[in-house]
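These notes are about the structure you will find just below.
In UniProt numbering, the protein residues as written are 1 to 32.
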């Protein structure tokens with residue numbers, strides 16, 4: 001595994017975490 005590959009994986013995971021957090025916040029504001 002090259003460092004560049006690891007960085008790409010970390011970036012993708014970070015983006016997915018942000019997207020999940022945004023979706024959760026939208027769902028909460030919709031149901032409350």
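Glycine residues also receive a C-beta, built at the ideal position from the N, C-alpha and C atoms. The model shown is predicted, which means the values in this text are computed figures rather than measured ones.
- Taking just the CA atoms, how far does residue 9 sit from residue 15? Computed Cα separation, rounded: 10 Å.
- Message: DSSP three-state label for residue 29, please.
- Response: helix
- Query: CA-CA distance, residue 30 and residue 4?
  - Reply: 39 Å
- Query: Just the Cα atoms here: how many angstroms apart are residue 24 and residue 11?
  - Reply: 20 Å
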